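In terms of the working numbering, the sequence shown opens at residue 22 and continues consecutively.
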Amino acid sequence: MIQHLKEKVISGYEITKEEALSLAQIKKNELEELLDAANEIREAYLGKQVDLCTIINAKSGGCSEDCKFCAQSSHYHTDIPRYPLIHEQIALERAKEVELQGAHRFSLVTSGKGIGNRDFAKILEIYKILKENTSIHLCSSLGIISYEKAKALKEVGVTTYHHNLETSRQFYPSICATHHYDDRIKTIKNAQAAGLNICSGGIIGMGETMEDRIDMALDLRELKVQSVPINILTPIVGTPLEHVSPLPIEEILKTIAIFRFILPSSHIRLAGGRRQLGESQAKGFQSGVSAAIVGDYLTTVGSTIAEDIKMLEQMGFQVKEKLVV
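Encoded structure:
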């Protein structure tokens, strides 16, 4: 079954939900075959090149939303720094630093349901400065936005907008009650209408089922999302999910591989929490992954960019010199 579906996907076939669920039910001794097949699909569509992005927490804490996984929600008492929008010079120095180290993309990420007009005007000025003084591709993650704001981002040089679905439509009310799944869909469509590429994925390990993950991947396919970050929950003390048990490594790898079967031409981006794979982190990159967030995350620490590039090159990946957007 695995080889049959792999060949069909490489030939351009879109697998069904039922077929994806059948991949989720493989026996333990078939996992390596599934991971290898996902890697073959990745090579067929995307080759051996890997896409590396970095993020900066441009505004931290104080979010009005109640997402149960998030350290930045004002609903929970967490030990994270809280600060307003960063100064343009801080953003520029960081962008230059990560570009020099080999990252291809740089994103400003702000806490909050969306961004107010005053901060948005400042963000646009920061992006203008970044565009004038760096060659790195500019991404943005500002929460729920309108078409007009998305268009303004496009006009100052932003190429990609990030806004996760986080999980399936069915499971979403279990992790957030202050806004709706359709608000996220609408933001993605607003950004697409403005001409921006989309980066959207989710978090696994929040108590959802494999079917929930598959449903999310199918929604992402329907939305034609180009970059799909897979985050592995890092339970944060003070949040409602602080005591959630970590996913077995085998289930994480299986999830990544199934996403590659569903989204063969998209970048599957290994993102926050990948250190939980431990010594199997390299295996994660051999399960269909074609991209990664490198450096630190929003409220957790990652690997250094140099460490990641060294690991990827040792595995046979080609770290891109130039990006085609």
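C-beta atoms are modelled at their ideal positions from N, C-alpha and C, and glycine is treated no differently. Every value quoted in this text rests on a predicted model; they were computed, and no experiment measured them.
Span separating the alpha-carbon of Tyr148 from that of Ile165: Distance between the alpha carbons of Tyr148 and Ile165: 18 Å.
Sufficient close CB pairs (3 or more, under 8 Å) joining the stretch 139-156 to the stretch 185-199: Between the stretch 139-156 and the stretch 185-199 there are fewer than three C-beta pairs closer than 8 Å, too few to call the two in contact.
For Asn218 and Glu40, the rounded distance between their alpha carbons: Rounded to whole angstroms, Glu40 to Asn218 spans 28 Å at the Cα level.
Environment of Asp233 [buried if 16+ CB atoms lie within 10 Å]: Answer is buried; the Cβ neighbour count reaches 16.
Which listed residue (Tyr202, Thr181, Gly294, Glu176) has its alpha carbon closest to that of Leu268: The shortest C-alpha separation from Leu268 is found at Gly294.
Rounded straight-line distance, which links the Cα of Val246 to that of Arg190: In a straight line, the C-alpha of Arg190 is about 16 Å away from that of Val246.
Cβ shell of Ser32 (< 7 Å), same chain only, five flanking positions each side left out: Closer than 7 Å at Cβ, skipping near neighbours: no residue.
Residues that DSSP places opposite Asn252 in a beta bridge: Paired residue(s): Ile224.
CB-CB length for Pro285 against Tyr66, believed under 8 Å: At roughly 5 Å, the Cβ-Cβ gap stays under 8 Å, so Pro285 and Tyr66 are in contact.
Beta-carbon contacts of Gly337 that lie in its chain and below 7 Å, excluding the five residues immediately before and after: Taken in chain order, the residues that qualify are Lys69.
Extent of the continuous alpha helix (DSSP H) run through Tyr97: It is not in any alpha helix (DSSP H) - Tyr97 carries neither H nor E in the DSSP assignment.
Minimum C-alpha distance to Lys207 - residue among Thr180, Gly228, Ala171: For Lys207, the closest of Thr180, Gly228, Ala171 by C-alpha to C-alpha distance is Ala171.
Any non-hydrogen atom of the ligand ATP within 8 Å of Ser286 CB: Absence of the ligand ATP is noted for the structure shown, with no ligands found whatsoever.
Local conformation of Val315 per DSSP, three classes: If DSSP states are grouped into helix, strand and coil, Val315 belongs with coil.
Beta-carbon spacing of Ser308, Leu333 below 9 Å: In terms of Cβ geometry, Ser308 and Leu333 do not form a close pair [threshold 9 Å].
Limits of the alpha helix (DSSP H) - the one that Glu203 falls within: Before going on, a small fix: residue 203 reads as Asp here, not Glu. Here the alpha helix (DSSP H) through Asp203 covers 202-214.
Length of the line joining the Cα atoms of Ala396 and His183: Residue 396 lies beyond the residue range present for the chain, which begins at 22 and ends at 346; the question has no answer from this structure.
Straight-line Cα distance separating Arg126 from Glu328: The straight-line gap from Cα to Cα measures roughly 17 Å.
Straight-line gap, Glu57 to Ile107 (C-alpha atoms, nearest Å): In the sequence as displayed, the identity of residue 57 is Asp instead of Glu. A straight line joining the alpha-carbon of Asp57 with that of Ile107 spans about 43 Å.
Beta carbon of Leu42 nearer than 9 Å to that of Met231: Yes, the pair counts as a contact, with Cβ atoms nearer than the cut-off.
Status (buried if at least 16 other CB within 10 Å, exposed otherwise) for Ile111: The residue in question, Ile111, is exposed, as its Cβ has fewer than 16 Cβ neighbours within 10 Å.
Cβ shell of Thr37 (< 7 Å), same chain only, five flanking positions each side left out: Same-chain partners within the cutoff: there are none.
Delimiting residues of the beta strand (DSSP E) encompassing Ser162: It spans 158-162 - the beta strand (DSSP E) in which Ser162 sits, taken as one unbroken run.
Status (buried if at least 16 other CB within 10 Å, exposed otherwise) for Gly137: Under this definition Gly137 is an exposed residue.
Which of helix, strand or coil DSSP assigns to Val30: Assignment of Val30 by DSSP, reduced to helix, strand and coil, places it in the helix class.
Residues bridged to Asn78 [DSSP beta-bridge criterion]: Looking at the DSSP output, Asn78 shares a beta bridge with Val130.
Neighbour-count burial assignment, Ser85, 16 or more Cβ in a 10 Å radius: An exposed status is given to Ser85, since fewer than 16 other beta-carbon atoms sit within 10 Å of its beta-carbon.
Rounded separation between Lys21 and Phe141 - CA only: The structure shown does not extend to residue 21, since the chain is modelled only from 22 through 346, so no value can be given for it.
Range of the contiguous beta strand (DSSP E) that encloses Val179: Element bounds for Val179: 179-183.
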